[in-house]
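For the sequence shown, my numbering assigns the number 1328 to the initial residue and increments by one for each residue that follows. Where is the CB? At the ideal position from N, CA and C, for every residue including glycine. None of these values were measured; they are calculated from a predicted model. A short write-up of the structure that comes next.
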Amino acid sequence: MKENIIFGSYQRGIYMLKFDTDSGHLSEPFLLTDVDSATYFDISSTGTVYTAIAEKSMGGVGVFDLENKTLHNITKHLSFSPAPVHINIQGALLLASNYNGGSLNIYKLSSDNHLELSDTFINSGTGTLPQQNTSHIHFAGIMPDKRLIVLDLGTDEAIIFDISESGKLLNRVNVFKFPNGFGPRHLCVTNDNHHIIVLGELSSEVAVLSYVEGSLVLEQLVSTIPDQWMGENGCGGIKLSFDQKFLYVSNRGHNSISVFKLEFIASNLKLNMIQNISSFGLFPRDISCDKSGDYLFSANQKSNSISMFKVLDGKLEYIKTKNNLDMPVCIKFI
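Structural data, given as structure tokens:
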């Protein structure tokens, strides 16, 4: 089976690789579009690519149509602010999280793939670590109950709102406070719709929380790195396997990928680490499974490489590394 891998780059644009699942062959990358700060993007069901972009002193979201190995620009939404750190398409809404400035822009997707700004949320506050001297919104998503959840790495908060179908913020439902210095970055939602797994970038931990009608309760806090590690580390990517039996987390600094097995005990969810394997590259910023779920790829920003692993009963077996790439960051399959 042939698959396409798309990755964003800190240096220059968005690239594509061809992946043959039968032979394991990875093609040489080719540039789809040359845009600055294409560090995170998402792809709609129609194949439209929405990416973070920066132009001179402005930042925002670029909208591109993927056609004949090229991304054709549809429109750009720029303002005098840095480029978003995370973009998430949720149904008819696009959520653009801004680390610098502590803000979230909510866009409504039109039938012709254009964006219309529906609402903006700006948070304030600080945390206990030097990296938390102000608000840093790093993720936003729509929960199964249609509420909006926002993760602020700077304030150690998960903020939950009621939101309209058109993207207008309604009342603030809840603010959950993580342990000091946790630094919530990204999250996954389990299929039971009553648990979220949140990645703590600053503490190198994963938090398991129950979720009921906007209320969060912490069930478990588990480290993503070995106890004996004394160096610096910051978590990067978090992904659930398609069958939701395993969780994968990348460690930037320890340069590894941790594998956890999910176990439901009564109504509680528990994570057990079953493997910690080298990422075979420096600073693994994002990880992604291919469409079959048989392979996992790590985008190693500081070694300009992508590592490939075979998934065997949840655990990872290293296969090879594709080098001489251009600071890969966000990685997705289409």
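Range covered by the beta strand (DSSP E) that runs through Leu1574: What you label residue 1574 is simply residue 247 of the sequence shown in a count that begins at 1. For Leu1574, the enclosing beta strand (DSSP E) stretches over residues 1573-1579.
Where Ser1630 sits in the DSSP three-state scheme: The count along the sequence shown starts at 1 and reaches residue 1630 at position 303. If DSSP states are grouped into helix, strand and coil, Ser1630 belongs with the helices.
At least 3 beta-carbon pairs within less than 8 Å: the segment 1506-1514 vs the segment 1435-1445: In this structure the segment 1506-1514 does not lie against the segment 1435-1445, because fewer than three pairs of beta carbons, one per stretch, are closer than 8 Å.
Simplified DSSP state of Gln1458, which is helix, strand or coil: Along the sequence shown, read from residue 1 onward, the residue named residue 1458 stands at position 131. DSSP places Gln1458 in the helix class (H, G or I) of the three-state scheme.
Given Ser1550 as reference, the closest of Lys1572, Val1516, Phe1587, Ser1537 once Cα atoms are compared: On the sequence shown, residue 1550 is found 223 positions in, with the first residue counted as 1. Closest by alpha carbon: Phe1587.
Whole runs of the beta strand (DSSP E) within the segment 1462-1515, excluding any shorter than 3 residues: Listed in chain order, the complete beta strand (DSSP E) runs (minimum 3 residues) inside the segment 1462-1515 are 1464-1469, 1475-1479, 1484-1490, 1496-1504.
DSSP beta-bridge partners of Asp1363: Position 36 of the sequence shown holds residue 1363. DSSP, once it has assigned bridges, lists Ala1381 as partnering Asp1363.
Cβ of Thr1453 within 9 Å of any chain B Cβ: Protein chain content of the structure displayed is limited to a single chain, and chain B is not contained in it.
As assigned by DSSP and simplified to three states, the class of Ala1419: Locating residue 1419 in the sequence shown gives position 92, where the first residue counts as 1. Coil.
Length of the line joining the Cα atoms of Thr1461 and His1513: On the sequence shown, position 134 is the one that residue 1461 refers to. On the sequence shown, position 186 is the one that residue 1513 refers to. Straight-line Cα distance between these residues: approximately 18 Å.
Which listed residue (Ser1493, Glu1492, Leu1497) has its alpha carbon closest to that of Ile1486: Here residue 1486 corresponds to residue number 159 of the sequence shown, with the count starting at 1. Answer by Cα proximity: Leu1497.
Inter-residue spacing [alpha-carbon to alpha-carbon] between His1522 and Ser1542: Here residue 1522 is taken as the residue at index 195 of the sequence shown, counted from 1. Here residue 1542 is taken as the residue at index 215 of the sequence shown, counted from 1. Cα-Cα distance, rounded: 11 Å.
Three-state secondary structure assigned by DSSP to Lys1396: Here residue 1396 refers to the residue found at position 69 when the sequence shown is read from its first residue. Lys1396 falls in the coil class under three-state DSSP.
Cys1562 beta carbon less than 9 Å from that of Asn1582: Position 255 of the sequence shown, counted from the start, is the residue given in the question as residue 1582. Position 235 of the sequence shown, counted from the start, is the residue given in the question as residue 1562. Contact: no.
Proximal residues to His1399 (C-beta, below 7 Å), its chain only, five neighbours per side dropped: Locating residue 1399 in the sequence shown gives position 72, counting from the first residue. Result list for His1399: Phe1391, Asp1392, in chain order.
Candidates Ser1632, Leu1420, Lys1495, of which the one nearest Ile1614 by Cα: Here residue 1614 refers to the residue found at position 287 when the sequence shown is read from its first residue. Nearest of Ser1632, Leu1420, Lys1495 to Ile1614, Cα basis: Ser1632.
6 Å Cβ shell around Ser1605 - same chain, five flanking residues per side excluded: The count along the sequence shown starts at 1 and reaches residue 1605 at position 278. The answer, listed in chain order, is Ser1583.
Straight-line gap, Asp1446 to Ala1410 (C-alpha atoms, nearest Å): Here residue 1446 is taken as the residue at index 119 of the sequence shown, counted from 1. Here residue 1410 is taken as the residue at index 83 of the sequence shown, counted from 1. Roughly 17 Å between the two C-alpha positions.
Same chain, Cβ closer than 6 Å to Asn1650, five either side skipped, listed in chain order: The count along the sequence shown starts at 1 and reaches residue 1650 at position 323. Cβ neighbours of Asn1650 beyond the five flanking positions: Ser1632.
Beta-bridge pairing of Met1275 - partner residues as DSSP gives them: Outside the shown range of the chain, which is 1328 to 1661, sits residue 1275, and nothing can be said about it.
Environment of Phe1636 [buried if 16+ CB atoms lie within 10 Å]: For the purposes of this step, residue 1636 is identified with residue 309 of the sequence shown, where counting begins at 1. Phe1636 is buried by the Cβ-count criterion.
Alpha carbon of Val1535 to alpha carbon of Val1544, nearest angstrom: Taking the sequence shown and counting its residues from 1, one reaches residue 1535 at position 208. Taking the sequence shown and counting its residues from 1, one reaches residue 1544 at position 217. The straight-line gap from Cα to Cα measures roughly 9 Å.
Tyr1426: first and last residue of the uninterrupted beta strand (DSSP E) it sits in: Indexing the sequence shown from 1 puts residue 1426 at position 99. Premise fails: Tyr1426 is in no beta strand (DSSP E) and is neither H nor E.
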